[in-house]
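Here's the structure we're looking at; comments come further down.
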Amino acid sequence: MENNQNSATKTDRKFIERNRRSKMKALSCMLNSIVPQQSSREPFSLSDQLQEATNYIKTLEMKLGKMKDKKNRLLEIQRENMSMNKGGSKSPKIEIQQMGLALMVGLITGLDFQFMFKECIRVLREEGADIVSANYIVSGDSLFHTIHCQVEESSNGAMISERLKMFVYDSCAFY
1 MENNQNSATK TDRKFIERNR RSKMKALSCM LNSIVPQQSS REPFSLSDQL QEATNYIKTL
61 EMKLGKMKDK KNRLLEIQRE NMSMNKGGSK SPKIEIQQMG LALMVGLITG LDFQFMFKEC
121 IRVLREEGAD IVSANYIVSG DSLFHTIHCQ VEESSNGAMI SERLKMFVYD SCAFY
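Residue numbers for the sequence shown follow full-length UniProt numbering, beginning at 1 and rising by one.
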């Protein structure tokens, strides 16, 4: 009876050990697929693979630290720029692109120039442009407007562009 129990225990241990080895092999393969391989063609031992993974993780941690430092420096520069701009208003910027009969107007303004979006729409309509889409995004103290419109063949896109630019830059001179 004791022999039977001994043999069953040995079989259980062999089965458990086989499962452990196959699980370790699967995990090792997964680790190899994640960590970039060196150029050498010879297979790595498990300890070499683990050392390679450790070195790779340390490299990633150093890169992450450098990126965090860079992000913090850029955020600090942005905060300084925003604090310098608080006293004065941002002057608006306009960019107009014409592709055939399509006209795209990009307008960036400060919060104190919100009226310009509506006025640009008015100017476009006066010039006979059909507004296809118009939207805006608020980011900090800036408004980013985008207007997509269709102009008629008889319309002069260059004339519309000049009129919009004159309106925007003349408006900010009086403000």
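Glycine residues also receive a C-beta, built at the ideal position from the N, C-alpha and C atoms. Since the structure is predicted, the reported quantities are computational estimates derived from the model, not experimental observations.
* Asked: Which whole-angstrom value is the C-beta distance of Phe-117 and His-145, which I expect to be below 8 Å?
  -> Approximately 5 Å separates the beta-carbon atoms of Phe-117 and His-145; this is inside 8 Å, confirming the contact.
* Comparing alpha-carbon positions, which option in Arg-163, Glu-76, Phe-113, Tyr-136 lies nearest residue 183? -> Because the chain is modelled from 1 through 175, residue 183 falls outside the range shown and cannot be assessed.
* So is Gly-88 buried or exposed if we call it buried at 16+ other beta carbons inside 10 Å? -> Any answer about Gly-88 is weak, because its pLDDT of 47 lies below 50 and its placement is not dependable; what the coordinates show is given next. Answer is exposed; the Cβ neighbour count stays below 16.
* **Of the listed residues Gln-49, Ser-45, Pro-43, nearest to Ile-34 (C-alpha basis)** => Considering only alpha carbons, the answer is Gln-49.
* Using CA coordinates, which residue listed in Gly-65, Gln-98, Leu-64 is at the minimum distance from Met-159? -> It is Gln-98 whose Cα lies nearest to the Cα of Met-159.
* **Segments of 4+ residues assigned as alpha helix (DSSP H) that fall wholly inside the region 33-102** => Taking only runs of at least 4 residues, the alpha helix (DSSP H) segments lying wholly in the region 33-102 are 46-85.
* **Cut-off 6 Å between Cβ atoms - residues of its own chain near Leu-143, not counting five sequence neighbours on either side** => The answer, listed in chain order, is Thr-109, Tyr-136.
* Continuous alpha helix (DSSP H) stretch holding Phe-117: start and end -> In this chain, the alpha helix (DSSP H) harbouring Phe-117 covers 115-126.
* To do: Count the other CB atoms, across all protein chains shown, that sit within 10 Å of the CB of Ala-102; report buried if there are 16 or more and exposed otherwise.
  => Taking all protein chains in view, the Cβ of Ala-102 is surrounded by fewer than 16 other Cβ atoms within 10 Å, so the residue is classified as exposed.
* Taking the alpha-carbon positions, what's the Lys-23 to Thr-11 distance? -> Their Cα atoms are separated by approximately 18 Å.
* To do: Grab the span of the beta strand (DSSP E) containing Leu-151 for me, first residue to last.
  => Per the sequence presented here, residue 151 reads as Val, with Leu not at that position. Run containing Val-151: none; DSSP gives neither H nor E here.
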